[in-house]
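Protein chains: 2
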Amino acid sequence: MKPKRRPTLDDVASLSGVSAITVSRTIRSPEKVSERSRLKVQAAIEKLGYTPDLAASALASKSTNVIGLLVPSLTNNVFADVLRGVYDAVETTRYFVQIGNSRYSALKEEALIRVFLRQKPAGLIVAGFDQTDPALNLLETAGCPVVQIMDFGRPPVDMAVGFRHDAAARLAARHLLECGYRRPGILAARMDPRTQSRLQVFREVCAEAGVLDERRVVTTPHASSVGVGRQLLELLLTQAPDTDAVFCNNDDLAIGALMEAHRRNLHVPEDLGICGFNDLEMTRNMFPSLTSIATPRFEVGRRAVEMLLAEIEAPDSVAERNVDLGVSLIARDSTRRPR
Amino acid sequence: MKPKRRPTLDDVASLSGVSAITVSRTIRSPEKVSERSRLKVQAAIEKLGYTPDLAASALASKSTNVIGLLVPSLTNNVFADVLRGVYDAVETTRYFVQIGNSRYSALKEEALIRVFLRQKPAGLIVAGFDQTDPALNLLETAGCPVVQIMDFGRPPVDMAVGFRHDAAARLAARHLLECGYRRPGILAARMDPRTQSRLQVFREVCAEAGVLDERRVVTTPHASSVGVGRQLLELLLTQAPDTDAVFCNNDDLAIGALMEAHRRNLHVPEDLGICGFNDLEMTRNMFPSLTSIATPRFEVGRRAVEMLLAEIEAPDSVAERNVDLGVSLIARDSTRRPR
DNA sequence: TTGAAAGCGCTAACAA
DNA sequence: TTGTTAGCGCTTTCAA
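Top to bottom, those sequences are chains P and S.
According to this note's numbering, the first sequence is numbered sequentially starting from 2.
According to this note's numbering, the second sequence is numbered sequentially starting from 2.
Take a look at the structure:
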């Protein structure tokens, strides 16, 4: 059996008795082709099992259907939800997603932007506002729409959709105070820019209320995890045993803190209030259920794609170019302190 | 300011006073170019900020540096770890990864394989052995190496790396019996082929030991989650209140089961033994710590890429084309029953 | 070691 | 509505 060559546009054209460009049009904008040609062409495509060559089409048209997505982590549940939102919105379109993982390194991010741009993507989605200067430069001159996600506040390169991390931390701090906790601490891991912003505002609110105690601020540069949450609470309780509540900068830290509390026979919420961040599915199913800040992760992904597609189809058509999707506090048992 | 066109190979060639092909060679195989030319070309590339156009190179060479990765889920922590392994192995090479999400649909998977093949990928990684017939056909004639991952047993289309799900379930069942549990149940969600295989073997082992009771087999087609774990345990204990142990087909089910046990004031491991599957980071940090079956998820991703790259560089060079990385049971407090 | 010529498979621009 | 022509930016082939 002959090693059969993949069929090309020309093969389809000669089989259906039309020109190559008519075949191309049948595929890309069938309404511009007479029904007669269309049917012939479609039959030929079917018969040959023709699929267009993406490289050739990209080269000739100077553009692709690739949407580049740059995230700092693939293991963080937060970005898993963003991915779901992105894929959900892209699924019914002709675009497809290519993921880059910068591993929380601005330099790696810059390199990845360069790689993405080599393929002339239709659009780019990048996490955060903390690109290097060269990276920002690349994004500005990318020649395609760009959406920055997961944060809100600073002016975007092109468009942005996210939420305020300062507002989130304020909600958490006020909630703990309103619940009557007077010696609140905070656990934070990884210390990326968004985490730092939450940490700082939490401190501020505590300071305003006169309850800030730096012994209760415990951080680590390591990635956040349940194990790290346990360790950080341990450290916190060593430094300040009378701590009565803790804002965990991530839900996995919160779960770890809860487990460590169990182990120490500390009662949650009586002895220790716990508030998480992100409101992952697990938090509501812990025992006791965990109070957390709900973040619109899935929506961020969806919305980013929608903005991108609108802008690709009609440049400068997107009016709202900087979108705050907001956060909310979901109060549950872990802070429901009996008065 | 002129909207500057992206520099091309020809631009670099004329600036450095050599031909386009010499520039191309300087980039792809610098050892074939005289040092003199090389230096001139590199200077010109630097000066112009030239980066090769991927579409043009793909079209001319009939191949790309894309490694396609097809997973059934992006939110499942299991695949997050596989992704990490894949990215880890790819990072230092000239290849890059493109992810497709089939959402546990064989038809969607088939469509995605078609999309991937249009770009003439350098290699393909797909989860499982349960492709549709047309999909298998596509993979066989893909014209690039293919690695099937996450399972072991059936003959692969080309290559495979994974582990035995039957062996895993056998380990779990025997462990529960050895710990002295006599009324074991099983919780399972999603019911993909690998889950079903674990379920079946668990049943078999229980039957052999004379302790199989179908009231203790509780499943759901829904995706697995902590909340679902709670619900399934609730259902199990309604149907068979005297159940004394449970094998959870996923760690999040196990965590949910643990939480539900806490809520009911059931003591783990005394009243109820719990064994999970996958050994995610959380399990060892629960309280009590959860026994689980450790699966080599990260290694599967890494190894798949290594096999792929070896095969791309030198076809038919990979000797071991069907690799079982094995599983192991990590016994922890959740099954440590006092005799 | 270097280069000239041809062409990968498609689409843009224009013409009929 | 359809077709012709030219070319996207690179690599392959072959020759020098």
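Virtual Cβ for every residue (Gly too), placed ideally from N, Cα, C.
Within-8 Å CB hit, residue i to chain P
| i | result |
| --- | --- |
| S318 (chain S) | no |
| G274 (chain S) | no |
| F288 (chain S) | yes |
| D54 (chain S) | yes |
| T336 (chain S) | no |
| I100 (chain S) | yes |
| Q201 (chain S) | no |
| G257 (chain S) | yes |
| I331 (chain S) | no |
| A57 (chain S) | yes |
| L60 (chain S) | yes |
| D11 (chain S) | no |
Straight-line gap, residue i to residue j (C-alpha atoms, nearest Å)
| i | j | result |
| --- | --- | --- |
| F153 (chain P) | A123 (chain P) | 24 Å |
| V13 (chain P) | N279 (chain P) | 52 Å |
| G327 (chain S) | E36 (chain P) | 58 Å |
| V218 (chain P) | R175 (chain P) | 16 Å |
| P316 (chain S) | G144 (chain S) | 11 Å |
| A305 (chain S) | E321 (chain S) | 12 Å |
| L341 (chain P) | T65 (chain P) | The structure shown does not extend to residue 341 (chain P), since chain P spans only 2 to 340, so no value can be given for it. |
| K41 (chain P) | D193 (chain S) | 41 Å |
| L281 (chain P) | L236 (chain P) | 25 Å |
| A259 (chain P) | Y96 (chain S) | A small correction: the amino acid at residue 259 (chain P) is Leu; Ala does not occupy that position in the sequence shown. Roughly 42 Å between the two C-alpha positions. |
| L113 (chain P) | A311 (chain P) | 24 Å |
| L177 (chain S) | V72 (chain S) | 31 Å |
| G18 (chain P) | R29 (chain P) | 18 Å |
| V324 (chain S) | E271 (chain P) | 52 Å |
| S62 (chain S) | A56 (chain S) | 10 Å |
| F80 (chain P) | G129 (chain P) | 12 Å |
| R183 (chain S) | D245 (chain S) | 7 Å |
| E141 (chain P) | V24 (chain S) | 28 Å |
Opposing strand residues paired with residue i [DSSP bridges]
| i | result |
| --- | --- |
| V13 (chain S) | DSSP output for V13 (chain S) lists no bridge partner at all. |
| G101 (chain S) | S:L71 |
| N279 (chain P) | P:A295 |
| D325 (chain S) | S:G163 |
| P221 (chain S) | With the sequence shown as reference, residue 221 (chain S) is identified as Thr, and Pro is not the correct amino acid for it. In the DSSP output, where bridge partners are listed per residue, T221 (chain S) has S:A190. |
| V148 (chain P) | P:I126 and P:M160 |
| P270 (chain S) | Answer by DSSP bridge pairing: none, since P270 (chain S) is not bridged. |
| P185 (chain P) | P:A246 |
Residue i, DSSP secondary structure in three states
| i | result |
| --- | --- |
| F288 (chain S) | coil |
| A246 (chain P) | strand |
| P31 (chain S) | helix |
| A128 (chain S) | strand |
| Q232 (chain P) | helix |
| L213 (chain S) | coil |
| P135 (chain S) | helix |
| P4 (chain P) | With a pLDDT of only 46 at P4 (chain P), under the threshold of 50, the placement of this residue in the model should not be trusted; the figure read from the coordinates follows. If DSSP states are grouped into helix, strand and coil, P4 (chain P) belongs with coil. |
Residue i at chain S interface by Cβ criterion, 8 Å
| i | result |
| --- | --- |
| E300 (chain P) | no |
| I294 (chain P) | no |
| F153 (chain P) | no |
| D325 (chain P) | no |
| H223 (chain P) | no |
| S226 (chain P) | yes |
| E116 (chain P) | The residue you asked about is not Glu; residue 116 (chain P) is Val in the sequence shown. Closer than 8 Å to some Cβ of chain S, the Cβ of V116 (chain P) qualifies, so yes. |
| Q120 (chain P) | yes |
| T76 (chain P) | yes |
| F278 (chain P) | no |
| F248 (chain P) | no |
Residue from the options with nearest C-alpha to residue i
| i | options | result |
| --- | --- | --- |
| T221 (chain P) | P:Q120, P:L234 and P:A44 | P:L234 |
| V98 (chain S) | P:P31, P:A14, P:R29 and P:V116 | P:V116 |
| L254 (chain S) | S:L75, S:A170, S:V229 and S:S74 | S:V229 |
| L188 (chain S) | S:F288, S:A90, S:V206 and S:R231 | S:R231 |
| Y51 (chain S) | S:E141, S:A21 and S:N138 | S:A21 |
| S335 (chain P) | P:I28, P:T9, P:F130 and P:C180 | P:C180 |
| L70 (chain S) | S:A107, S:R26, S:V34 and S:V147 | S:V147 |
| A90 (chain S) | S:V227, S:G302, S:R298 and S:S198 | S:G302 |
| R6 (chain S) | S:A246, S:L49 and S:I275 | S:L49 |
| E111 (chain S) | S:R85, S:T94 and S:D131 | S:D131 |
beta-carbon residue i near the ligand ZN non-hydrogen atom, thresh 7 Å
| i | result |
| --- | --- |
| P156 (chain S) | What this structure holds is no ligand at all, so the ligand ZN is not there to describe. |
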